[in-house]
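Student:
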Ligand code: HEM
C-alpha cells in the first residue's frame with residue numbers, strides 16, 4: 076500500500092527532476108538555442124503532466140485516504156494549501172506557455188514566463204521544504 080509520505084517523496088523527486096529540465100531550457104535560451112529551449116520544455120510539459128495525472132489517479136481513485144492525515148492536521152493542511160496556491164497556477168500556466176512558445180507570441184510568452192517563474196519557484200520551495208515525508 077502507498078503511504079502519504081511515500082507519495083510525497085516520489086513527487087519531490089519528480090519536481091526536482093523536471094526542474095533540472097526547466098533550468099536546462101533556460102540555459103539553452105541564454106545561449107540562443109531557441110529550438111532546444113522548446114524541445115526541453117516540451118519534455119518538461121509532458122513529464123510534469125504525467126506525474127500530476129499519475130498522482131491524481133493514486134489519491135483520487137486508487138487510494139483516496141492517502142492524505143487523510145494531512146486533512147486532519149491543521150498545520151499540515153495549511154502547508155498543503157500554501158503549496159497549492161503556487162502549484163495550481165503553475166499547472167494552469169503550462170499549456171499557455173507551450174502554446175505561446177510554439178506560436179512565437181514572444182511578448183505574451185515572456186509576460187507569462189514571469190508569472191510562471193514565480194509559480195514554479197513557489198511550487199518547488201513549498202513542495203520540497205514545507206511538506207513532510209516522515210511518517211504521520
Ligand atoms: C520560465 C521562463 C521562460 C522564458 C524566459 C522563456 C522564453 C522564451 C523565448 C524568448 C522564446 C523565443 C520566442 C520566439 O520565438 O520569439 C521561447 C520559445 C519557446 N518557449 Fe519559452 N520561455 C520560458 C519558459 C517556457 C516554458 C515553461 C515552456 C513550456 C512549458 C516554454 C516553451 C517554449 C516553446 C515551445 C518555444 C518555441 C521554441 C521554438 O522556436 O521551437 N517556454 N521561450
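Numbering (this note's numbering), first residue to last: 76 to 211.
Yeah, the Cβ is synthetic: ideal placement off N, Cα and C, and Gly gets one too.
How many angstroms separate the CA atom of residue 115 from the CA atom of residue 94?
Tutor: 11 angstroms
Student: I'd like the list of long-range same chain contacts for residue 118, defined as Cβ closer than 7 angstroms, with 5 residues on each side in sequence excluded.
Tutor: 96
Student: Confirm the yes/no value for this check: CB of residue 110, any heavy atom of the ligand HEM, distance under 7 angstroms.
Tutor: yes
Student: With a Cβ-Cβ cutoff of 8 angstroms, do residue 190 and residue 167 count as a contact?
Tutor: no
Student: Find the nearest neighbour of residue 131 within the set 101, 107, 174 and 163, judged by alpha-carbon distance.
Tutor: 163
Student: State the Cα-Cα distance for the pair residue 103 and residue 110, rounded to the nearest angstrom.
Tutor: 9 angstroms
Student: Run through DSSP, which three-state label would residue 175 get?
Tutor: helix
Student: At the level of alpha carbons, what is the spacing between residue 192 and residue 100?
Tutor: 13 angstroms
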